[in-house]
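Working notes, beginning with the structure itself.
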Amino acid sequence: MIIDFLAIPGLILIAGGLILPALPERLRGWLSLIFPAGALAVIFALPEGYTVHAVLAGMDLQPMAMNKLSRFFGISFAIAAVIGLVYAIHVRDLIKQSATLVYAGSTIGVTFAGDFFSLFAFWEIMAVSSTVLVWTNRTSQADKAGMRYLIYHIFGGGLLFAGILLHYAETGSLLVVSFSQVYTPASVLILLGVAVNAAVVPLHAWLPDAYPNATVTGAVFMSAFTTKAAVYLLLRVFPGWEILVWFGCAMAVYGVLYAIICKDIREILSYHIISQVGFMVVGAGIGTELAINGAAAHAFNNILYKGLMFMATGAVLYKTGTTKVAYLGGLAARMPLVMVLYMVGGLSISGFPLFNGFISKSILVGATGYAHYHVAAYILLLASVGTFLSVGLKLPFMTWFDKEHSLMVLKKLPVNMYAGMALAAFLCVFYGVVPPALYAYLPYPVDYNPFTVYDITKTMQINLMTFAAFWVFCHKFHGELIIALDLDWFYRKPSWFFRKVFVTYVSLAFGMVEKLAYSAVGGLRRASRNPMKWLNPITGYRHKAWSYSPSYGVVLGLILVLYVIMELFVIS
Amino acid sequence: MNKTRWILFWALLLAMVVLELVGSGGGGWTLIPAFYSLFGFVLCVGLIYLAKFIGKNFIDRDLNYYDN
């Protein structure tokens with residue numbers, strides 16, 4: 035039984051989160067690394083096709099099912115957890131550390147779940163634990179953003195659950211399988227539920243709302259886990275659904291446009307996540323082996339370089355206390371190491387050769403071309419231009435190079451944060467230089483060589499000229515203190531109205547009814563204090579209860595006894 | 025960016041354009057020499073202007089926009 039339990043890697047991490055309070059406070063950061071390391075070992079050790087069976091309330095469950103795709107994503111998430119926990123060793127807040135482990139564990143649980151019921155259980159644990167990562171930031175903005183995030187994800191979970199129930203009713207099986215491209219209510223609901231977590235436009239507004247409000251260390255985990263777990267599900271359950279190609283293209287451009295517009299460095303990165311996930315969704319939509327390989331590889335690389343960039347901007351937040359571009363600028367000389375590490379991520383995400391972004395982006399764009407989605411291929415290239423512009427040029431320029439906008443005292447950065455960033459940067463360069471190390475684990479066999487002259491020259495030309503264009507127009511980028519309106523306008527603007535109707539008026543109504551009840555009771559009490567007043571209203575005699583002759587009492591007593599007898603014996 | 029760096033930049037770009045003619049791949053529009061350089065430059069400028077337009081007119085709001 036214990037062996038079965040330990041064979042579910044997600045549970046190892048969740049157990050770690052629960053055991054953490056029992057560990058000594060100073061060692062918690064270090065000891066928490068044991069759990070993702072253990073999960074990684076288990077994932078490597080278990081053979082292909084390994085499953086764990088369970089029966090719950092008459093349902094046949096498979097909490098753990100190993101296949102090539104889930105192994106790849108499981109390894110990615112475990113590595114992300116290790117890197118993030120190294121980055122977070124300095125954290126002294128138990129709730130943050132526990133929640134992080136539970137979050138990582140539930141994500142890996144979702145990845146390996148072989149049936150929809152276990153998947154849904156882990157899905158909801160993911161939603162709750164990631165909300166905690168936002169709430170522990172303990173600002174009033176984070177409180178509200180976390181609440182919106184939670185409600186949105188519970189809504190998404192509800193859609194997923196409805197779909198799962200319908201699917202179970204239709205097919206009688208809970209196993210996670212690929213759905214053929216048929217739009218039944220069950221498949222559409224499951225697709226919508228997964229789309230919420232994948233931040234598919236228009237269901238994306240929670241991401242740039244919550245991620246910039248998360249903690250310095252929490253944001254790193256959030257960027258790596260929720261969206262990529264949803265991408266895994268799309269690859270597993272909905273490969274080849276053509277509608278995903280177009281929604282993916284929309285996401286790619288939408289995210290990049292907002293990334294160019296936004297003026298908060300973590301918000302820029304959050305919108306950019308939407309763009310990068312758009313690439314993966316296009317890959318899922320195409321559904322060929324090359325496309326799925328590309329999407330999976332892109333997810334892994336994304337976890338590395340996006341995590342690295344969130345770590346670097348988290349370091350900026352830690353050092354300066356702000357992420358608003360209006361206050362930053364000119365910091366290159368004062369935090370050179372963070373800047374260099376960020377640029378490794380920036381160059382990776384822009385697809386420069388010898389960094390890991392290049393090896394997966396070229397597969398994806400190539401797969402799009404081979405499948406004859408030429409329009410989509412150009413849209414993805416447009417998104418690549420915007421990618422380099424927004425997070426490879428604009429963000430570092432406004433944070434580190436532009437003139438200094440405020441005088442700042444910089445805090446010293448804990449060494450483990452540098453270590454986490456260095457680890458991610460090393461992997462970015464390693465996989466960029468040795469792509470077969472990544473390709474070996476992809477779900478389908480790969481005979482792809484990304485280092486073709488054509489691809490290298492194509493990417494370098496695009497990026498070099500993007501840089502030139504940025505250089506010409508860099509004075510157009512100003513830091514302003516703004517809120518970027520997005521589709522969350524629709525539920526945030528009318529929120530005062532809903533609060534009035536559903537909270538204020540309802541509690542007013544309850545208050546009124548309560549007052550009415552109390553006054554009714556009070557009146558009844560006053561009236562029944564002296565019943566003789568009502569029984570003998572004719573005389574002006576001042577009724578006092580003790581002034582009546584005993585005969586009154588006898589008569590009243592007789593009436594009461596007759597009533598009791600009647601109740602007990604006659605009315606049955 | 026001083027002169028040497030700009031010279032390096034243009035040298036690298038030229039090398040890439042020349043190499044593209046050596047490599048094989050693509051068709052149609054992409055056969056124009058330096059297609060991807062123009063593509064990158066034009067689209068980047070277009071994105072900057074588009075983003076500024078959309079931002080100024082539709083999206084940017086004060087920090088207290090949602091406070092009620």
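Protein chains in written order, with our numbering: chain A, 35 to 606; chain B, 25 to 92.
Glycine is no exception: its CB is placed at the ideal position from the N, C-alpha and C atoms.
Give the C-beta separation of S48/B and Y488/A to the nearest angstrom, bearing in mind that I take them to be a contact with Cβ-Cβ under 8 angstroms.
6 angstroms
Between V271/A and V480/A, what straight-line distance do the alpha-carbon atoms span, to the nearest angstrom?
22 angstroms
Going by beta-carbon coordinates alone, are P477/A and L241/A separated by less than 8 angstroms?
no
Within 8 angstroms (strictly less), CB to CB, does M494/A reach chain B?
yes
Measuring CA to CA, which of H124/A, V535/A, P565/A and M345/A is closest to G587/A?
P565/A
List the residues that DSSP assigns as beta-bridge partners of I78/B.
Within the DSSP secondary-structure output, I78/B pairs in no beta bridge.
Can you have a look at P559/A and say buried or exposed, based on whether 16 or more other CB atoms are within 10 angstroms of its CB?
Just to set this straight, residue 559/A is Arg in the shown sequence, not Pro. With fewer than 16 Cβ atoms within 10 Å of its Cβ, R559/A is classed as exposed.
Return helix, strand or coil for I73/A, following the three-state DSSP convention.
Checking the sequence shown, residue 73/A turns out to be Ala, not Ile. A73/A: helix per DSSP, three-state reduction.
Which residues in the same chain have their Cβ closer than 6 angstroms to the Cβ of L67/A, if we skip the five residues on either side of it in sequence?
L119
For T251/A, tell me which candidate among M343/A, S585/A and S424/A has the shortest Cα-Cα distance.
M343/A
Any contact between the region 304-320 of chain A and the region 345-352 of chain A? By contact I mean 3 or more CB pairs, one from each, below 8 angstroms.
no
Should V315/A be labelled buried (16 or more other beta-carbon atoms within 10 Å of its own) or exposed?
buried
Got a sec: is the Cβ-Cβ distance from L37/B to anything in chain A below 8 angstroms?
Taking a beta-carbon distance threshold of 8 angstroms, L37/B counts as an interface residue toward chain A.
Just checking my contact of F131/A with R62/A at CB under 8 angstroms: how many whole Å lie between their CB atoms?
It is worth fixing the name first, because residue 131/A is Gln in this sequence and not Phe. Q131/A to R62/A, Cβ: 6 angstroms. Contact.
I think P273/A touches G312/A, with their Cβ atoms under 8 angstroms apart; what is that distance to the nearest whole Å?
Between P273/A and G312/A, the beta carbon gap of about 16 angstroms keeps them out of contact (Cβ cut-off 8 angstroms).
Verify the CB distance criterion: does N497/A have a CB-CB separation below 8 angstroms to chain B?
yes
Quick one: what does DSSP say L87/B is sitting in, helix, strand or coil?
coil
Counting contacts by CB-CB distance shorter than 8 angstroms, is R85/B in contact with chain A?
yes
Is it right to say H201/A is buried, meaning 16 or more other beta carbons lie within 10 angstroms of its own, or is it exposed?
buried
Could you tell me whether the region 327-337 of chain A touches the region 385-397 of chain A, where touching means 3 or more Cβ pairs closer than 8 angstroms?
Counting Cβ pairs under 8 angstroms, three or more are found: they touch.
Quick one: grab the DSSP three-state call for K446/A.
coil
Give the interface partners of L43/B over in chain A, defined as CB-CB distance under 8 angstroms, in chain order.
V487, I490 and T491
Identify, in the order they occur along the chain, each residue of the same chain with its Cβ nearer than 6 angstroms to the Cβ of I46/A, setting aside the five sequence neighbours on each side.
F69, G72 and A73
Anything in the region 495-520 of chain A with a Cβ closer than 9 angstroms to a Cβ of chain B? List those residues in chain order, please.
So the list reads Q495, I496, N497, L498, M499, T500, F501, A502, A503, F504, W505, V506, F507, K510, F511, E514, L515, I516, I517, A518, L519 and D520, given in the order they occur along the chain.
Out of curiosity, what's the CA-to-CA distance linking Y90/B and V234/A?
24 angstroms
Between which two residues does the alpha helix (DSSP H) holding H201/A run?
S174 to T205
At 4 residues or longer, and completely inside the region 486-540 of chain A: list those alpha helix (DSSP H) runs for me, N to C.
487-507, 523-526 and 529-533
Using CA coordinates, which residue listed in W169/A, V230/A and I516/A is at the minimum distance from L611/A?
Residue 611/A lies beyond the range of chain A shown here (35 to 606); nothing can be said about it.
Of all Cβ atoms in chain A, is any one closer than 8 angstroms to the Cβ of K27/B?
no
Can you tell me which of F531/A, K492/A, A367/A and S140/A puts its alpha carbon nearest to the alpha carbon of V41/B?
K492/A
Would you give the residue range spanned by the alpha helix (DSSP H) that D243/A belongs to?
W240 to A244
Quick check on L268/A: does DSSP put it in helix, strand or coil?
helix
Closer than 8 angstroms by beta-carbon distance: list the chain A residues that pair up with I78/B, in chain order.
L291 and I295
Using a 10 Å radius around the Cβ and a threshold of 16 neighbouring Cβ atoms, would you call F213/A buried or exposed?
buried
Using 8 angstroms for Cβ pairs, my map puts G328/A next to G282/A. What's the rounded Cβ distance?
Contact doesn't hold; Cβ gap of about 12 angstroms is too wide.
Compare the Cα-Cα distances from I185/A to each of D522/A, V598/A and G545/A and report the closest residue.
Measuring C-alpha to C-alpha distances from I185/A to each of D522/A, V598/A and G545/A identifies D522/A as the nearest.
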